[in-house]
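Positions 1 to 149 (UniProt numbering) are the ones given, in order, by the sequence shown. Structure, as structure tokens:
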Amino acid sequence: MKRSRGFTLIETMIVMTIVALLAALAYPGYQDFVIKARRAEAQAVLLDLMQKQERYYTQHNRYLAFSADESGPDQVHFKWWSGSKAPSSAYELRGKPCAGQSIARCIVIEAIPGTDRVDTSFRDGACQTLTLSSAGEQTASGAAAGCWP
Numbered sequence: 001m002k003r004s005r006g007f008t009l010i011e012t013m014i015v016m017t018i019v020a021l022l023a024a025l026a027y028p029g030y031q032d033f034v035i036k037a038r039r040a041e042a043q044a045v046l047l048d049l050m051q052k053q054e055r056y057y058t059q060h061n062r063y064l065a066f067s068a069d070e071s072g073p074d075q076v077h078f079k080w081w082s083g084s085k086a087p088s089s090a091y092e093l094r095g096k097p098c099a100g101q102s103i104a105r106c107i108v109i110e111a112i113p114g115t116d117r118v119d120t121s122f123r124d125g126a127c128q129t130l131t132l133s134s135a136g137e138q139t140a141s142g143a144a145a146g147c148w149p
């Protein structure tokens, strides 16, 4: 009588348990990597938008506020999302006047994670909202240090 070759149920269950354990250990690291990558994408977009705002300032002698709610001929130069498409982006972007100043002299660009207009499931609990001002100030509303490189 020939014996059938293959894996037993016990061997298969042991392998599945090891794979599940490895996945459980790797998933938090992967999540952290995704958050940091999306944060870096938002920082790059903030810097790019600030350069565009500076060019706009040299041509018009003022900055331009922008958001998803604004529309106008100059608004098309300033996108309000961080990724390639708004629904899959992690951050919504807004340009507004610095506190206590007019938009003509100072602008703050905010990157707000996971709003209704972008990927609502994305959260950045460590840094939360990232901001960049025309004075060069880089801040985050979260308590974590090192949100900006």
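By construction, the Cβ of each residue, glycine as well, lies at the ideal position given by its N, Cα and C atoms.
No Cβ-Cβ contact shorter than 8 Å links residue 137 with residue 115. Taken through DSSP and simplified to helix, strand or coil, residue 103 comes out as coil. Rounded to whole angstroms, the gap between the alpha carbons of residue 7 and residue 110 is 56 Å.
About 7 Å separates the beta carbon of residue 65 from that of residue 97, a gap short enough to meet the 8 Å contact definition. Here the region 35 to 47 lies against the region 131 to 149, with 3 or more beta-carbon pairs under 8 Å apart. Residue 80 and residue 23 have their C-alpha atoms spaced approximately 36 Å apart.
Cβ-Cβ separation between residue 53 and residue 95: approximately 7 Å, consistent with a contact (criterion under 8 Å). In the three-state reduction of the DSSP assignment, residue 66 falls in the strand class.
Excluding residues up to 5 positions away in sequence, 126, 127 lie with their Cβ nearer than 7 Å to the Cβ of residue 144 in the same chain. Under the three-state reduction of DSSP output, residue 83 falls in the coil class, being neither helix nor strand. For residue 95, the enclosing beta strand (DSSP E) begins and ends at 91 to 97. Judged by DSSP secondary structure, residue 24 falls within the alpha helix (DSSP H) whose first and last residues are 9 to 60. Where residue 134 is concerned, there is no enclosing beta strand (DSSP E), because DSSP gives it neither an H nor an E.
At a Cβ-Cβ threshold of 8 Å, residue 103 and residue 63 count as neighbours. The three-state secondary structure of residue 118, taken from DSSP, is coil. For residue 42, the CB contacts under 7 Å within the same chain, skipping 5 residues up- and downstream, are 82, 90, 91, 111, 130 in chain order.
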